[in-house]
Amino acid sequence: MKAQRSKFKLSTNLQPTKTSQSRKSYINGSTTINDTLSSRARPFHSDIELWNAIALTLHDPPGKQFPLDVLENLKKRFPPCEPYVLTHCDLNLGNVIVKDGKLVGILDWEYAAYYRIWYEYVSASWGLTEMDAEWKALLRERLDVHGDAMEFLTYLCHLRQYPDLDDKGRGILEKLSLD
Numbered sequence: 075m076k077a078q079r080s081k082f083k084l085s086t087n088l089q090p091t092k093t094s095q096s097r098k099s100y101i102n103g104s105t106t107i108n109d110t111l112s113s114r115a116r117p118f119h120s121d122i123e124l125w126n127a128i129a130l131t132l133h134d135p136p137g138k139q140f141p142l143d144v145l146e147n148l149k150k151r152f153p154p155c156e157p158y159v160l161t162h163c164d165l166n167l168g169n170v171i172v173k174d175g176k177l178v179g180i181l182d183w184e185y186a187a188y189y190r191i192w193y194e195y196v197s198a199s200w201g202l203t204e205m206d207a208e209w210k211a212l213l214r215e216r217l218d219v220h221g222d223a224m225e226f227l228t229y230l231c232h233l234r235q236y237p238d239l240d241d242k243g244r245g246i247l248e249k250l251s252l253d
């Protein structure tokens with residue numbers, strides 16, 4: 075059976091364009107949400123370039139064969155990335171200085187960049203420790219809610235295990251095949 079890559083216009087030439095540095099966002103091939111969104115990989119300059127890279131992590135014949143109807147339905151859930159905003163990218167408890175109940179400083183700006191509007195909200199959805207998780211819950215109360223991005227990235231993390239899906243992944247696969 076012939077691969078249907080052209081249906082999704084997947085680009086394998088994901089070299090940086092001449093877009094300004096401030097508009098770049100990044101992704102890598104990891105299976106966690108945080109690593110998926112990290113700045114330790116190649117640059118992407120548009121929603122479609124980012125989607126193409128995400129799609130290749132699931133369906134890249136002949137090695138990776140993913141159900142194309144599910145991939146198309148996942149793409150419908152891909153959240154818009156613009157506007158890009160200045161984002162710290164590492165607001166864990168160890169990088170926030172509080173004195174007398176007031177924020178007095180934020181440390182560790184090495185990963186700061188212009189990222190997708192929903193990046194900081196999604197990043198604040200997990201903590202390294204119980205105390206960090208409590209801090210991130212408080213932080214999320216102050217950020218705009220991006221539930222669509224959380225749902226999309228949760229689906230993506232589970233589906234990347236295809237064909238060896240756990241119960242949650244199988245449920246997501248079934249849901250997306252019915253859409």
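Residue numbering for the sequence shown follows the working numbering, starting at 75 and increasing by one per position.
C-beta atoms are modelled at their ideal positions from N, C-alpha and C, and glycine is treated no differently.
_Taking 8 Å as the threshold (C-beta atoms), are Val170 and Leu177 in contact?_
In this structure, Leu177 places its C-beta atom within 8 Å of the C-beta atom of Val170.
*For my contact list, Gly243 and Leu233 are in at a C-beta cut-off of 8 Å; report their separation, rounded to the angstrom.*
Right, the Cβ-Cβ distance comes to about 6 Å (below 8 Å), so this counts as a contact.
_Tell me whether the region 199-207 and the region 116-127 touch, counting them as touching only if at least three CB pairs, one residue from each stretch, are closer than 8 Å._
At 8 Å Cβ cutoff, the stretches do not touch.
*Does DSSP put Pro237 in a helix, a strand or coil?*
Three-state result, Pro237: coil.
*In terms of residue numbering, what span does the alpha helix (DSSP H) encompassing Tyr189 cover?*
Element bounds for Tyr189: not the alpha helix (DSSP H) but the beta strand (DSSP E), Ala187 to Tyr189.
*Contact check, Tyr236 vs Phe140, beta carbons under 8 Å*: Yes.
_C-alpha gap between Leu142 and Leu239, whole angstroms_ = For Leu142 and Leu239, the distance between alpha carbons rounds to 17 Å.
*If you compare alpha carbons, which of Leu181, Asp253 and Ala211 is closest to His162?*
Of Leu181, Asp253 and Ala211, the residue nearest in Cα terms is Leu181.
*asked:* What ranges does the alpha helix (DSSP H) occupy inside the region 114-192, keeping only unbroken runs of at least 4 residues that lie completely in it?
replied: As far as the region 114-192 is concerned, its whole alpha helix (DSSP H) runs of at least 4 residues are 121-132 and 142-149.
*Ala129: buried (16+ other C-beta within 10 angstroms of its C-beta) or exposed?*
By the Cβ neighbour-count rule, Ala129 is buried, with 16 or more other Cβ atoms within 10 Å of its own.
_Quick check on Thr203: does DSSP put it in helix, strand or coil?_
In the structure shown, Thr203 sits in coil (DSSP, three-state: anything other than H, G, I, E or B).
*Under the three-state reduction of DSSP, which class applies to Asp222: helix, strand or coil?*
In this structure, DSSP gives Asp222 a helical state, which the three-state scheme calls helix.
*Check whether the Cβ atoms of Tyr195 and Leu167 lie closer than 8 Å to each other.*
When the beta-carbon positions are compared, Tyr195 and Leu167 stay at least 8 Å from each other.
*May I ask you to report which of helix, strand or coil DSSP gives Ala211?*
DSSP places Ala211 in the helix class (H, G or I) of the three-state scheme.
*asked:* Rounding to the nearest angstrom, what Cα-Cα distance links Ala207 and Glu146 in this structure?
replied: Approximately 33 Å between the Cα atoms of the pair.
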